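Each number in my numbering corresponds to the 1-based position in the sequence shown with 14 added. Note that CB positions come from ideal geometry on N, CA and C, so glycine has one too. The structure presented is a predicted model; accordingly, all values stated were derived computationally and were not measured. The block underneath contains the structure these notes are about, expressed in structure tokens.
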Amino acid sequence: MKRIFIHLPDFDLFWKKAGLEDEELKELQEFLLENPKYGPVIKGSNGIRKIRWKKKGIGKSGGIRVFYLDIEEFSVLFLITLLEKNDKENLSKKELTILADLVTSLKELIQSKRERHEKRK
């Protein structure tokens, strides 16, 4: 299985804020590469999934929540954002609405780029 990982700015910002290291990011990416459909799809999100991920020295229950979007047909996985459990367990309804709109735009953009590329062949 192959994927291109794309990190949104929020994801990288919150990853660093949570004190997580590059090695932990590599572990997360390897896990998602093998299990891209692991997390449940969040209702009303247009396909965003949520998984619990452990922080070094802390179990999953006290770790982070990673929100991601896997677009299998284009072999792309977006790491969207994350939350530390001690800060917040879930995204707000407003945040979900914004992200659902973002997902729609991302899918449309990827599709249009793919179509333009196919026409050039």
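Quick one: measure Cβ to Cβ for residue i and residue j, integer angstroms, because I've assumed they're closer than 8 Å.
{"i": "F45", "j": "L93", "result": "About 12 Å separates the two Cβ atoms, so there is no contact after all."}
{"i": "L91", "j": "F19", "result": "5 Å"}
{"i": "I62", "j": "L113", "result": "6 Å"}
{"i": "K70", "j": "E38", "result": "6 Å"}
Which residue comes first and which comes last in the beta strand (DSSP E) that contains residue i?
{"i": "K64", "result": "R63 to W67"}
{"i": "I94", "result": "V90 to E98"}
{"i": "R79", "result": "I78 to I85"}
My output table needs one value for residue i: the three-state DSSP class, helix, strand or coil.
{"i": "I112", "result": "helix"}
{"i": "R130", "result": "helix"}
{"i": "D24", "result": "helix"}
{"i": "I72", "result": "strand"}
{"i": "I18", "result": "strand"}
Using 7 Å as the threshold, is the C-beta distance between residue i and residue j below it?
{"i": "R134", "j": "S89", "result": "no"}
{"i": "I56", "j": "W67", "result": "no"}
{"i": "S59", "j": "L110", "result": "yes"}
Could you spell out where the alpha helix (DSSP H) holding residue i opens and where it closes?
{"i": "L46", "result": "D36 to E48"}
Checklist entry - Do three or more CB pairs link the stretch 40-54 to the stretch 82-100 at distances below 8 Å? => result yes
Next on the checklist: Check whether the stretch 28-43 and the stretch 91-109 are in contact - that is, three or more C-beta pairs closer than 8 Å.
Outcome noted: yes
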